[in-house]
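Residue numbers for the sequence shown, in my numbering: 1 to 130.
Idealized CB from N, CA, C, for every residue including glycine.
Bear in mind the structure is a predicted one, so any value in this text is a computation, not a measurement.
First the structure, in the form of structure tokens, and then the observations on it.
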Amino acid sequence: MLEAALSGCALVLSDLPSLRENWDGAAVFVEPQDDRTLRLTLESLIANPDLRHALARRARSRALELTPERMAGAYLAVYRSLLTSSDPAGGPGMRIVMFHLSLLSDERGALDLMRLELDPASVSIAELHP
């Protein structure tokens, strides 16, 4: 989906929570297994180039927001909230020594590994070079 959106394609996606979370407002959603609605939606986009191009622009704009840095930041926010939570399962005193997050980070497909060291006193990211 990301590659299609970056290539300027309009997206027609299954209406699933994970897809809607990332693509709401930038794609058309169809219930899984609803072949009739899928066919009608595709025919509508074929017949309406203005709508197709508007959806393609929104999909590309959204795709440009989905960066590895944004994803790593979202992970850090979750980890920080766990470290400061009053929940016994994830509260102060919890210690995650190391977590590796692998991300495809550039157009060449180079793989960057980030090391996250988490403890109640600090959260840091150190980039590792392969």
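State yes or no: is the C-beta of residue i within less than 8 Å of the C-beta of residue j?
i, j, result
"proline 23", "leucine 11", "Per the sequence presented here, residue 23 reads as tryptophan, with proline not at that position. For tryptophan 23 and leucine 11, yes; Cβs fall inside 8 Å."
"alanine 27", "leucine 55", "yes"
"arginine 52", "glycine 8", "no"
"phenylalanine 29", "arginine 36", "no"
"alanine 4", "arginine 62", "no"
How close, in whole Å, do the beta carbons of residue i and residue j come, if the pair is a contact with beta carbons under 8 Å?
i, j, result
"arginine 70", "glycine 25", "Not confirmed; about 17 Å, so no contact."
"leucine 2", "leucine 66", "6 Å"
What residue range does the beta strand (DSSP E) around residue i cover?
i, result
"leucine 13", "12–14"
What span of residues does the alpha helix (DSSP H) with residue i cover, start to end?
i, result
"alanine 63", "49–65"
"serine 7", "Premise fails: serine 7 is in no alpha helix (DSSP H) and is neither H nor E."
"proline 32", "Run containing proline 32: none; DSSP gives neither H nor E here."
Work out the CA separation of residue j and residue i for me, nearest whole Å.
i, j, result
"alanine 47", "leucine 38", "14 Å"
"aspartate 15", "serine 44", "18 Å"
"leucine 76", "serine 18", "19 Å"
"proline 68", "serine 81", "20 Å"
"aspartate 50", "tyrosine 79", "43 Å"
"glutamate 31", "alanine 72", "30 Å"
"aspartate 34", "leucine 13", "12 Å"
For a test of your reading of the model: does the CB of residue i fall under 7 Å from any non-hydrogen atom of the ligand ADP? Yes or no.
i, result
"alanine 10", "Looking at this structure, you won't find the ligand ADP or any other ligand, since it has none at all."
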